[in-house]
Amino acid sequence: MSPYTAGCTTVLPGHARAVNAPSQLRTRRRGEAASCGEPPPLSRLRPDAPLEIEDLLRGMLAKDSEQRLAASAVYEALLPWAHKGFAKGSPHLLTADGLELDPCLPFSRPFGGSARRGATAAVAYTPTVVDQPVPSAAAAAAPAPLTDAEADEAAGRAEQLVGDGQFAQAADILAAALARAVDAVQVEDLSLSLAHVKFVAGAHREAAELFEAAIAAFTDRYGADDAEAQRCRYYAAQSRMELRESTAALIAFNAYATSEPDPDDPASVTLHLDALAQIMRLHAGAEHSPAARSAAITLRSATVRHLGSNAPELAEVDGFISRLGRFQR
3 MSPYTAGCTT
13 VLPGHARAVN
23 APSQLRTRRR
33 GEAASCGEPP
43 PLSRLRPDAP
53 LEIEDLLRGM
63 LAKDSEQRLA
73 ASAVYEALLP
83 WAHKGFAKGS
93 PHLLTADGLE
103 LDPCLPFSRP
113 FGGSARRGAT
123 AAVAYTPTVV
133 DQPVPSAAAA
143 AAPAPLTDAE
153 ADEAAGRAEQ
163 LVGDGQFAQA
173 ADILAAALAR
183 AVDAVQVEDL
193 SLSLAHVKFV
203 AGAHREAAEL
213 FEAAIAAFTD
223 RYGADDAEAQ
233 RCRYYAAQSR
243 MELRESTAAL
253 IAFNAYATSE
263 PDPDDPASVT
273 LHLDALAQIM
283 RLHAGAEHSP
293 AARSAAITLR
303 SATVRHLGSN
313 APELAEVDGF
323 ISRLGRFQR
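In the numbering used here, the protein residues as written are 3 to 331.
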């Protein structure tokens, strides 16, 4: 409590003006004097108050903060009054051990106090004080660990929001769940979900970083041939291509295409063939015709292997190879 506040509560007990919460800080910036107004003389409220105390309060309530008494000055001014003792006939304040309380000194223990010099104990009693551990602010504010059910619920809700085009809300739900996740599997799954949200939202930089982190996590846990790690390689490569980082995209697509897809998984086959096609286009865009032709031949062979020799996709690949042949002549 500041000297000014103490003065207000002394002179105007129960009459200090309340300050509305939105303007409280602004009012204090304007000066503390705005909250209590011009104080009435103490003698009007307490005719028995000594003149010295009235002068002290006037100094504590000075409008100009530079003229206002500091806390140390208030303490020094009140100290002689504390040493004068109690009014005749008034009960003395006693500590729990029966010693007279000295208001000028701090407590040395709960319900105890610093005894005046020469005082003797009336009752030899010391209460037992048990220190209770106080949780840190960080521990008190720490969120509850995420359960598997909550992780699944967050992923499902995010998927629904993405379907509705609410990408930011989906990302927020996943980020909040990740902040509570403590299990490594939860972190991996939620991070992968967030990566897909960022990808479809067009935040390809964040998506690429999340997919690449997922590649490392899945590879460490399940091995380099893990199907989920492979899919992450594909989407990381697509993200890099969307960012026009051709070299990084080409490296990522090549890393993905080194593994054969599961022939019984149509989605896996589609991604594999698309990756080979992207490698072909990236080489062509960089005017690396020999590399582009080699990539096109690889794509044609894979298309025949997975889709058959009559696959309609072969017409586009053959046309591309023919055009490259004309440019190389």
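For every residue, glycine included, the Cβ atom is placed at its ideal position computed from N, Cα and C.
- About 12 Å separates the beta carbon of L301 from that of L284, a gap too long to meet the 8 Å contact definition.
- The segment 141–158 makes contact with the segment 178–188; the number of CB pairs closer than 8 Å reaches 3 or more.
- R70 sits in coil when the DSSP states are folded into three classes, being neither helix nor strand.
- Under the three-state reduction of DSSP, Q240 is assigned to helix.
- For R48, there is no enclosing alpha helix (DSSP H), as DSSP gives it neither H nor E.
- If you draw a straight line from the Cα of V189 to the Cα of E230, it comes to about 15 Å.
- Bounds of the alpha helix (DSSP H) holding H308 are 291–309.
- The three-state reading of DSSP puts A288 in coil, since its state is none of H, G, I, E or B.
- When G287, Q240, I299, E208 are compared, the shortest CA-CA separation from G321 is found for I299.
- The count of Cβ pairs closer than 8 Å, one atom from the segment 43–61 and one from the segment 69–78, reaches three, so the stretches are in contact.
- Taking each of A288, V199, P82, L252 in turn and checking the Cα distance to G167, the smallest one comes out for V199.
- DSSP places T249 within a helical segment (H, G or I) once states are collapsed to three.
- Closest option to A293, judged by alpha-carbon separation, among L275, T305, S270, I323: I323.
- Taken atom to atom, the span from the alpha-carbon of Y237 to that of L196 is near 13 Å.
- Collapsing the DSSP output to three states places V164 in a helix.
- In the displayed model, S324 falls within a helix according to three-state DSSP.
- Between the segment 199–218 and the segment 243–257, the count of Cβ pairs shorter than 8 Å is three or higher; the stretches touch.
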